[in-house]
Amino acid sequence: MLTILFDGIAYGMVLFVLACGLSVTMGLMNFVNLAHGAFAMLGGYITVLLMQKLGVPFLLTLPLAFIGAALIGVILERILYRPMYGKSHLDQVMFTIGIVFMAVAGADYLMGSSQQIIKLPSWLQGRFDIGGVGVGRYRLFVLVVCGVLAFSLQWGFTKTRFGSRLRASVDDARVARGLGIPVNRLFALTFALGSGLAGLGGALGIELMGLDPSFPLKFMIYFLVVVTVGGTSTITGPFFAAMLLGVADVAGKYFVPEIGAFIIYVLMVVLLIVRPDGLFAKGRA
Amino acid sequence: MAIRRQVLKGALGLSLAAALGSAAFAQDAAKVGLILPMTGPFASTGKQIDAAVKLFLAQNGAVFGGKKIEIILKDDTGNADTTRRLAQELVVNDKVAVLAGFGLTPLALAAAQVATQAKVPEVVMAAATATITEASPYIVRTSFTLPQASEPMADWALKNNIKKVFTVVTDYGPGIDAETSFANKFKAGGGTVESVRVPLRNPDFAPFLQRASEAKPDALFVFVPSGIGAQFMKQFVERGLDKAGVKLIGPGDVVDDDILESIGDVAIGAITTHHYSVAHDSAANKAFVTAFKAANGGMRPNFMAVAGYDGMRVIAEALKKTNGNTDGDALVAAMKGLSLESPRGPILIDPDTRDIVQNIYVRKTEKKDGELFNVEFAIIPMVKDPVKAAKKQ
Amino acid sequence: MSHLQDRVRASLQASRRWHIAEIVFWLIALGSFWAFPRHLLLMNEIAILALFALSLDLILGFAGIVSLGHAAFLGLGAYAAGLLAKNGMGDPVLGLVFAMVVSGFAGLLSSPLIVKGNDLTRLMVTLGVVLILHEIANSWASLTGGADGLQGITINPVLGLFAFDLFGKTAYLYSLSVLFVLFLVARRMMNSPFGLSLRAIRDNQLRAAASGVPPSQRLALAYTIAAAYAGAAGALLAQTSQFVSLDVLDFHRSADVMLVLIIGGPGYLYGGMIGAVVFKFLQDTIAAFTPQYWMFWIGLFLVLFVLRGRSLIHGGVKLFMTRLPWLSGRGRS
Amino acid sequence: MSAVLQTRNLVKTFGGITATDDITFSLEKGARHALIGPNGAGKTTFVNLLTGVLQPTAGAVILNGEDITTLSREARVKRGMARTFQINQLFATMTPLQMIALVTSERLGYGLRAFNVLDHDPRVIEQTADILARFRLEDIMNETIASLPYGKQRQVEIASTFAAQPSVLLLDEPAAGVPEAERRELLDIVAALPADVSVLLIEHDMDIIFRFATRITVLVNGRVLADGDPVSIARDPAVREAYLGEESHA
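Set out below in structure tokens:
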């Protein structure tokens, strides 16, 4: 029972790291980025390649996955995404679906269509018991890493100057510009951070979610659920949304495996009907 | 500009080849429409079969019964509607004598009606749900059926003191086939079974494996499509099920030779029943494996490849028997009852069901010379598809 | 009757008059039957895709609703028609009507989710609905055949006269006829007061409400009609292939149809049809050269298209279409 | 009393902020009533409450004796309340003719007729032609609205509200953003509005206010500060301090 809760939380944590970047970019520029998962996939493949081809240890590949995805994120933001900000949501959707398609086919071309597999260091394999609760070492590791990340993001978002400027811009980009906040640069930075986090999430998620070229499509819905349910103006919103989703998904499959696959979608549609502006929205559409 | 020129060149080349082809071989060509998923999640199936088909033709020449076999390869991306359309176009436009390939059950079924209407043999080289051959009198199968591979597992388990089994299968045709055939046989022999089905698009096995571990079974019977087998095996070990003494058993898909190496050591000790292992100990197989690896950059052939190889051989033998007559009924009649020595051992096309009859081997995954293999240690000779066999009685 | 009234009447009339290009368009569509006998199957697919895109145009082009899950209604229609035929009622027209009713009803039921909320919520809800349907179709194997697809569909001859053949002759003419009839209906609707009110909502919801147009009611209705149209496309798919697979509910169906409509340009009814021709042609051509990676080229095409190509392509289309008076000033970009 | 539009103790709060604070207001039949106040006084919120864009926290809105507080926007239009917006809100891809024909057909209740065509209905044609003529739009009736100059667009917007045959018309800064050259024509149109239509004018421009208004209500901080004829309002010291004082700063 507790093991299921634990598994769910670990799963939710990865979802959070994967999706939180998306929530900030969506809130900041009101930009619908369906291609977020492509950055996650990129991070995943960076880890796979580094480990398989160069024998880089797993832990070391994680920051590299972050940096790689962030770097590509910045470049794409500069040359491709920026002209899209002013366009309609429909255009943004089409554009980012295009990116997803390219990423999926590109990954297939470069890496092959099969599931990628990595070998974790032995200290991350297996599990141990804490008071009768089976705890997977890797899941615990993920939980700690993502937990620390979530806390530092929350701290950065609420306590630092960067954070307060970001919040001001998310609230109202026009006013923020008026106050002399360099919203564009801020957004590029945030986009990089968001893509980087996605990359890191993708790398961490290989063991839990698998990694193959269809990753961006398969998980698009999960990211979007986290963002829509959690709202786009806080860190805590998506965090709790991801937790809820992770636990509900895992618990649902455990207790009622027959309908396990439905739970997340039903949950989302119900939440959207009850709270169309997100679970934690404060009256802002 | 450069791209355009290339495109033009390509187009020119193609049409030229087509023109020449139809002129030179109009009388003595037998076209085979090979429909495979070359892209998408099941691309590895397509690649294996395509490579095996090419290997067969390279080894044996392409002329049988006075007809030169000409392969037209089409990619259906694993999408059943496309399969149906491609099959129809191949029959109508290209006038193929045989349809072959079919990576998944729905794809094979989608083409069944075309085969019946056009009276063209459909040689199924991969799809493994038992009922497929009943969808059309023109379907001949050279792969295997899941009940065929799963039932012997139940026998083996009962004999080896396994009393309680937890089954985890992917929730689609083949998975359900594997689960029911295993469970029925196992229960009939006095064992107890608990089952869960995993959604086809499942990102995380944790909750299912958790249930499995709480059930404390003697063995875990698993069927998942070969691509996600690795993920399953790792989580199986991560959850400590192997240390708890739970045996991993099932049909051989989960330890597919093609990806066994990348699954890694977690696979060691898995007991599976299947019709082909790359480690099968026979001269024919050694020759096959060596030639296959040489032609494909070291890629191991798996059970898909052997089915593609034998499928081509069945077509070739049928052409020989009919002396080049490409009439569909004649070809199917010629295929019925064909008995061959395949790299996997002896095989027979059952004249009643047009399905394959073959040895099923019990194997254990082991490490040999630094490589992982499914090593065969017992044989159940010439197994018929049990589902259709039961129906007849 | 004043002179001004005559002019008003003339202007209103002009907006729905048939243009020669339209007639030519349909003649070409019919003529292709004899011109390309080897490609009837592909042309049948084009006609079905065109109908599906037309249905999306009704909500996206005319009502401005962005949907990522339009395949939900395609799939429902396909399964509805397929199941009806499987259970002994194989008359194609009956199946078509049944599919339209089922899908339309589903559209009506889900419309409250669509009319409220912003673009993002709509994207999510539409995507969610189609995913749920996909899961249902997958799990409820006793009804739908699950991942194996719906087998054993037998379709009677159209009107009891024309049996479906392997060459796709009947299939193409049947699909084209259905497309044409439903197009006529749509054309009439979009030139009616109702159609005008949809355009009003799309152009400016604030002003529409302030002009006495109830947006929720109209959007719900448009959504229902579009769902029924998508259901018809699904029925055609099921009937002409005598087979239904889970793929009809797949995400790529929704994405493809959006792409199709964007290529042709939304909001003037022909966009979906032109887009369907271009899309299938592209798919076939690209797939012939790089069978493995055509998805990449489609993606690249999309990106470039949205970034700058649209004005280029639509410039050409518009130049041609500006002759159509009822098109004037439509292109929304 | 012949009030066509009234509010009773209307309150609207956003979070902790009270934007509309207990406003009781009445618009007489045939009046030319101006609503003025400094920026942030709550004029726009008040108009949104009247037209149904926002729902009040407390209080009631009464139109021609009927409580319309909970009615939708479009239902209020049907009952005779039309408005223009501070920034033009038009159907950019339509022609003026189409826009006016649309409003007319909606007023006649044709909106759900999916298989009729407009040019078959003499009433739509007659009334559309009538509005086009009255607002001098004949020459541009077949142009795309988006391509018209801003002043003309304003004219189209006012004309389209008249197609709804309102008894109450809310004009939100009708001259705002209109270039000087086109202003005169627009103001002439406002001046020539039929006398039986009651007009509520929300304005900043004192010239316009004193040219048209027969009565003025001053809003400050969401409250009615003063209410009366133009002369008494102009003399009111509280108004001068609160409103005109700030006006001179701006």
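Protein chains in written order, with numbering that gives the first Met the number 0: chain A, 0 to 284; chain B, 0 to 392; chain C, 0 to 332; chain D, 0 to 249. Virtual Cβ for every residue (Gly too), placed ideally from N, Cα, C. Nothing here was measured: the structure is a model prediction, and the numbers come from that model.
Cβ-Cβ distances below 6 Å link E21(C) to nothing in the same chain once the five nearest sequence neighbours on each side are left out. Under the Cβ criterion of 8 Å, M50(A) is not counted among the residues facing chain C.
Residue state for H273(B) is assigned as strand, using DSSP reduced to three classes.
The beta carbon of N141(D) sits closer than 7 Å to the beta carbons of T94 and L96 from its chain, once the five residues preceding and following it are set aside; these are given in chain order. Per the coordinates, the alpha-carbon of T43(D) lies some 14 Å from the alpha-carbon of F13(D). Of the other Cβ atoms in all chains shown, fewer than 16 fall within 10 Å of the Cβ of Q58(B); this residue is therefore exposed. Taking CB atoms only, N137(C) has a neighbour in chain B less than 8 Å away. Ranking V157(C), L142(C) and M189(C) by CA distance to the CA of L175(C) puts V157(C) first.
In the three-state reduction of the DSSP assignment, T239(C) falls in the helix class, which pools H, G and I. Of all residues in the segment 181-192 of chain C, those with a C-beta nearer than 7 Å to a C-beta of chain D are R187, M188, N190, S191 and P192, reading in chain order. In chain order, P206, F207, Q209 and R210 make up the part of chain B whose C-beta sits under 8 Å from the C-beta of Y253(A). If one requires a minimum length of 4 residues, the alpha helix (DSSP H) runs lying completely within the segment 46-128 of chain C are 70-85 and 91-114, in chain order. Fewer than three Cβ pairs drawn from the segment 164-175 of chain B and the segment 86-99 of chain A lie within less than 8 Å of each other, which leaves the two stretches out of contact. Exposure of F114(D) is indicated by the presence of fewer than 16 other C-beta atoms within 10 angstroms of its C-beta. For R140(B), the uninterrupted beta strand (DSSP E) segment begins and ends at I138 to R140. By the criterion of at least three beta-carbon pairs nearer than 8 Å, the segment 225-241 of chain C is in contact with the segment 88-101 of chain C. Contact between the segment 136-155 of chain A and the segment 263-275 of chain B is absent: fewer than 3 CB-CB pairs across the two stretches fall below 8 Å. When the five nearest sequence neighbours on each side are left out, the beta carbons in the same chain lying within less than 6 Å of the beta carbon of V356(B) are those of L347, D349, M381 and K383, in order along the chain.
Around D202(C), the beta-carbon contacts reaching into chain D at under 8 Å are L89, F90, A91, T92 and M93. Beyond the five residues adjoining it in sequence on each side, I208(D) comes within less than 8 Å, by CB distance, of A33, I35, L200, E202, I215 and P229 in the same chain, given in chain order. Distance from the CA atom of F57(A) to the CA atom of L199(A), rounded to whole angstroms, is 12 Å. With its beta carbon at least 8 Å from every one in chain A, A80(C) lies outside the interface. The Cβ atoms of V164(B) and V197(B) lie no closer than 8 Å to each other.
Residues of the same chain with a CB within less than 8 Å of the CB of F35(C), apart from the 5 flanking positions on each side, are M42 in chain order. When beta bridges are read from the DSSP output, P345(B) appears opposite E340(B). Taking 8 Å as the upper bound on Cβ-Cβ separation, chain B lies near residues A140, G145, A146, D147, G148, Q150, L165, F166 and G167 of the segment 140-168 of chain C. Distance check between D21(D) and each of V223(D), E240(D) and A237(D) places V223(D) closest, using alpha-carbon atoms only. Counting other Cβ atoms within 10 Å of its Cβ, Q115(A) reaches 16 or more and is therefore classed as buried.
Residue ranges of uninterrupted alpha helix (DSSP H) with 4 or more members, entirely inside the segment 26-108 of chain D and ordered along the chain, are 42-50, 72-77 and 95-106.
Neighbours of G211(C) in chain D, taken as residues at a C-beta separation under 7 Å, are given in chain order as E73, V76, K77, V102, E105, R106 and A163. Contact annotation: in the segment 109-132 of chain D, residues whose CB is within less than 7 Å of a CB in chain C are Y109, G110, L111, R112, A113, F114, N115, V116, L117, D118, I124, E125, T127, A128, L131 and A132. About 28 Å separates the CB atoms of F30(A) and M110(A); that is not less than 8 Å, and the two are not in contact. When the alpha-carbon of G159(C) is set against those of G151(C), T169(C) and Q150(C), the nearest one is in T169(C). In the DSSP annotation of this structure, the continuous segment of the beta strand (DSSP E) that includes Q357(B) starts and ends at I355 to K367. Taking a contact to require three or more Cβ pairs closer than 8 Å, the segment 144-156 of chain D and the segment 178-191 of chain D qualify as touching. At the C-beta level, R37(C) and N324(B) stay beyond 8 Å of one another.
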